[in-house]
Amino acid sequence: MTGSDGRPTPAPKLPVLYEDNHLLAVVKPPGILSQADETGEADMVSLLKDDLKQRYNKPGNVYVGLVHRLDRPVGGAMLFAKTSKAASRLSESVRSRNFDKLYLAVVHGAPPAPHGRLRHFLRKDAGRNIVTVHDKPLNDAKEAILDYAVVAKQGSHALVAVKLLTGRSHQIRAQMAAVGCPLVFDRKYGAPPVQGEQDIALWSTSVGVTHPVTKEWLTIVAQPPATEPWSRFDEHHFAKALHAISAEGGMDR
Numbered sequence: 034m035t036g037s038d039g040r041p042t043p044a045p046k047l048p049v050l051y052e053d054n055h056l057l058a059v060v061k062p063p064g065i066l067s068q069a070d071e072t073g074e075a076d077m078v079s080l081l082k083d084d085l086k087q088r089y090n091k092p093g094n095v096y097v098g099l100v101h102r103l104d105r106p107v108g109g110a111m112l113f114a115k116t117s118k119a120a121s122r123l124s125e126s127v128r129s130r131n132f133d134k135l136y137l138a139v140v141h142g143a144p145p146a147p148h149g150r151l152r153h154f155l156r157k158d159a160g161r162n163i164v165t166v167h168d169k170p171l172n173d174a175k176e177a178i179l180d181y182a183v184v185a186k187q188g189s190h191a192l193v194a195v196k197l198l199t200g201r202s203h204q205i206r207a208q209m210a211a212v213g214c215p216l217v218f219d220r221k222y223g224a225p226p227v228q229g230e231q232d233i234a235l236w237s238t239s240v241g242v243t244h245p246v247t248k249e250w251l252t253i254v255a256q257p258p259a260t261e262p263w264s265r266f267d268e269h270h271f272a273k274a275l276h277a278i279s280a281e282g283g284m285d286r
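Reminder that position 48 of the sequence shown reads as 81 in the working numbering, one-by-one numbering, no gaps.
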């Protein structure tokens, strides 16, 4: 990677949450692509390949399989496969919805109910890189479903736990905005403007899946950073969020 002055920029640190011969889970920093695109900018798959080469002194190519994606502005727990067999089995878990993804969001206001399910239809506007939210099916619109639970409130903000039942681009951002609760710093979906650039308040806090080899259920957890607006809440709130959907929404696996 190179900066605006043409000099190499150091690769971002990718804290390892879990690793064995088959899987690798790390903390994705906000602003990094999940996989390479036409821009040639840094992406998680390439960064992890380089990291594995260095850590294990491997001279040739290494395998890193993309299992699921996080939108570029989103940080947090992200799981990758280290073998093609693991990638195939994990991809099947994603297709069969045996793959839990729990997010934390800090929103303006609070949803109308302390917990519930949101179901909309999202249409992607590729030109503007934004999705529009609709209550009824439309051509080219994809169904989007999520469960949420309000974990805590601090002033005019709420900490919300979100479990995705579908994985659509910008899904949480768009659906929360549609019920009047845009994510903090998410100006694209209606949050008030602030000075300077800020990461939107959305974090992948937990990923759960059946291990492709041992067949045991594996849960990977990443706590949000101690920065605004996450600093308005504490570890107790974040721990509570991991159980909020199951306890309040009846969403036990």
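All C-beta atoms, glycine included, are put in the ideal place defined by N, C-alpha and C. On a predicted model such as this, the values are computed, not experimentally measured, just so you know.
The stretch 224 to 241 makes contact with the stretch 103 to 117, as at least three CB pairs between them are under 8 Å.
Spatial neighbours of A138 in its own chain (CB-CB distance under 7 Å, excluding positions within 5 residues in sequence) are listed in chain order as V193, V195, I205, M209, L216, A234 and L235. Counting along the chain, D53 sits inside no beta strand (DSSP E), nor does DSSP assign it H or E at all. Within the same chain, Cβ atoms closer than 6 Å to the Cβ of F271 are found at Q256, the five residues on either side in sequence being excluded. Taking K157 as reference, the option from R150, S121 and T165 with the minimal CA-CA separation is T165. Between H141 and A224 a beta carbon distance of about 6 Å is seen, short of the 8 Å cut, so the two are scored as contacting.
Leaving aside the five residues that flank L123 on each side, the residues in its chain whose CB is nearer than 7 Å to its CB run, in chain order, V100, A114, V242 and P245. Sixteen is the threshold: since fewer than 16 other Cβ atoms of the shown chains lie within 10 Å of the Cβ of D53, the residue is exposed.
Per the DSSP secondary-structure output, Q187 pairs in a beta bridge with H190. For A110, the enclosing beta strand (DSSP E) begins and ends at G108 to A114.
Less than 8 Å separates the beta-carbon of A182 from that of H148. Considered as a whole, the stretch 135 to 221 harbours 148 to 158, 163 to 167, 174 to 187 and 190 to 197 as its complete beta strand (DSSP E) runs of no fewer than 3 residues, in chain order. Under the three-state reduction of DSSP, V100 is assigned to coil, being neither helix nor strand.
Scanning K186, A185 and L151 for the CA closest to the CA of K169 turns up L151. In the DSSP assignment, G223 forms no beta bridge with any residue.
Here G241 is bridged, per DSSP, to D133 and T252.
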